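Working notes, structure below.
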Amino acid sequence: MGVDQSTPAPSRAGRNLPAAIAVGVGLGAVILGSLFWQKVLFIFVVLAAVLVAVDELIRVFRTSGAKLHRVPLFAGTAAMAIAAYFGGPLALLVAMALTVLATIFWRMPDGSVGFVRDVTIGTFLITYVPLLAGFAVLLVQPEHDGPERVVTFFLVVVASDVGGYVAGILFGKHPMAPTISPKKTWEGFAGSTIACIGAGIGSVVWLLDGHWWVGAIVGVVAVLTATVGDLAESMIKRDLGIKDMSNLLPGHGGVMDRLDSLLATAPAVWLLLHLLVT
Numbered sequence: 642m643g644v645d646q647s648t649p650a651p652s653r654a655g656r657n658l659p660a661a662i663a664v665g666v667g668l669g670a671v672i673l674g675s676l677f678w679q680k681v682l683f684i685f686v687v688l689a690a691v692l693v694a695v696d697e698l699i700r701v702f703r704t705s706g707a708k709l710h711r712v713p714l715f716a717g718t719a720a721m722a723i724a725a726y727f728g729g730p731l732a733l734l735v736a737m738a739l740t741v742l743a744t745i746f747w748r749m750p751d752g753s754v755g756f757v758r759d760v761t762i763g764t765f766l767i768t769y770v771p772l773l774a775g776f777a778v779l780l781v782q783p784e785h786d787g788p789e790r791v792v793t794f795f796l797v798v799v800a801s802d803v804g805g806y807v808a809g810i811l812f813g814k815h816p817m818a819p820t821i822s823p824k825k826t827w828e829g830f831a832g833s834t835i836a837c838i839g840a841g842i843g844s845v846v847w848l849l850d851g852h853w854w855v856g857a858i859v860g861v862v863a864v865l866t867a868t869v870g871d872l873a874e875s876m877i878k879r880d881l882g883i884k885d886m887s888n889l890l891p892g893h894g895g896v897m898d899r900l901d902s903l904l905a906t907a908p909a910v911w912l913l914l915h916l917l918v919t
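Numbering (our numbering), first residue to last: 642 to 919.
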């Protein structure tokens, strides 16, 4: 049987590389446009992505029998992003607490069977997605260099992803976590580390006028958190028996499949830049 030449073959890493690059460039353009035109628009970019990711998780968790309601989760997600931008870290935490309470309240009419399971999953979802995404919103807050901090954050995560992808394709032989993510290798992790440190140094020095060693620290921490974020989402998908959260983004899977490393890295980068860059 002949091979259909009209369908792009996936790369060795399992991605449709041209589609993945096109989607990545498009998303990057949207993010940069929002940051450097009217940075308040960045809230809506984050919110759009996070709402889709929350919906993806609601759908996949429902396949395991969980009862999750969109109204409190969507409303709370929006409230947390807005609170982070206008009120800072404390407002973000208060909005999260109110979202958890709303989730508990909304679940009560469904009865006691599975109540603890459903509330636990709902609280996990709130913490995992909108709370962590709130730190990306916090990055844009500073008046003098907020957009540059967000760009630094995205650059180190993208560098980690691209460096790991290239090194894994070229040199990957030793699996890093074969039972969780078989395609992730130690050689790929080394590539991620080198690229991430380089991106961290360059971004902090050129965009934030900071010290090179601060950029190196940001890079080292970012590669660790990005890797943990990627592995954590892989474990969720393996637990639920799915390959991707959805097929919304060609070459990437679902929105949550692109946010995993970003979500895990946002709090760490925000804290490091908050403490080490004035």
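Glycine is no exception: its CB is placed at the ideal position from the N, C-alpha and C atoms. Everything numeric in this text was worked out from a predicted model, so none of it was measured.
Local conformation of residue i per DSSP, three classes
i	result
Ser705	coil
Gly892	The predicted position of Gly892 is uncertain, since its pLDDT is 49 and thus under 50; a value taken from the coordinates is nonetheless stated next. In this structure, Gly892 counts as coil in the three-state DSSP scheme.
Pro649	For Pro649, the pLDDT reaches just 43, beneath the cut-off of 50, and the residue's location in the model is therefore unreliable, although a value from the coordinates is still provided. Coil at Pro649, not helix or strand.
Met817	strand
Ser753	coil
Ile883	coil
Gly787	helix
His710	coil
Val681	coil
Val671	helix
Val918	coil
Ala719	helix
Closest residue to residue i among the options (Cα-Cα distance)
i	options	result
Phe830	Met876, Thr820, Leu914, Lys814	Lys814
Lys680	Gly717, Ile723, Ala707	Ile723
Pro908	Leu865, Leu881, Thr919	Leu865
Phe677	Lys884, Leu913, Asp696, Gly787	Gly787
Ala873	Ser822, Leu912, Val693, Ala716	Ser822
His913	Trp854, Ser875, Ile835	The amino acid occupying residue 913 in the given sequence is Leu; His does not appear at that position. Minimum Cα distance to Leu913 is reached at Trp854.
Tyr769	Val807, Lys824, Glu697, Ile810	Glu697
Leu688	Phe746, Leu904, Pro783, Val910	Leu904
Tyr806	Glu828, Pro819, Thr793	Glu828
Met817	Val869, Val781, Pro783, Val671	Val869
Val691	Trp747, Ala836, Val778	Val778
Val971	Ile767, Leu673, Phe685	A question about residue 971 goes unanswered here, because the residues of the chain that appear run from 642 up to 919.
Thr793	Thr826, Val910, Ile883, Thr740	Val910
Thr834	Pro819, Gly809, His852, Gly851	Gly809
Leu849	Gly752, Ile745, Thr919, Pro750	Thr919
Thr761	Gly851, Ile842, Ile699	Ile699
Ser675	Glu789, Gly843, Gly832, Ser844	Glu789
Gly856	Leu811, Ala840, Ser875	Ala840
Asp871	Met721, His915, Lys824, Glu784	Lys824
Phe715	Ala725, Val735, Thr740	Thr740
Phe765	Asp751, Ala738, Val791	Ala738
Gly804	Ile842, Cys837, Gly763	Cys837
Val695	Leu916, His915, Val896, Thr906	Val896
Leu811	Thr826, Leu673, Val791	Thr826
Gln782	Phe683, Val671, Gly752	Phe683
Ser875	Pro819, Trp747, Thr906	Pro819
Trp847	Leu796, Gly752, Arg748	Leu796
Val845	Asp880, Glu784, Leu917	Leu917
Residue range of the beta strand (DSSP E) that includes residue i
i	result
Lys824	822 to 826
N-terminal and C-terminal residue of the alpha helix (DSSP H) that residue i is part of
i	result
Leu739	730 to 748
Leu779	773 to 780
Distance cut-off 6 Å: residue i Cβ against heavy atoms of the ligand SAM
i	result
Thr764	The ligand SAM is absent from the structure shown, which contains no ligands of any kind.
query: Between the segment 700 to 715 and the segment 725 to 734, are three or more C-beta pairs nearer than 8 Å?
result: no
Start-end ranges of the alpha helix (DSSP H) lying completely within the segment 822 to 866, minimum 4 residues: 827 to 849
message: Closer than 8 Å is the cut-off here; do at least three beta carbon pairs connect the segment 857 to 876 with the segment 793 to 802?
response: yes
field: the segment 708 to 717 touching the segment 750 to 759, judged by at least three CB pairs closer than 8 Å
entry: yes
Contact the segment 769 to 776 vs the segment 898 to 918: 3+ CB pairs below 8 Å: yes
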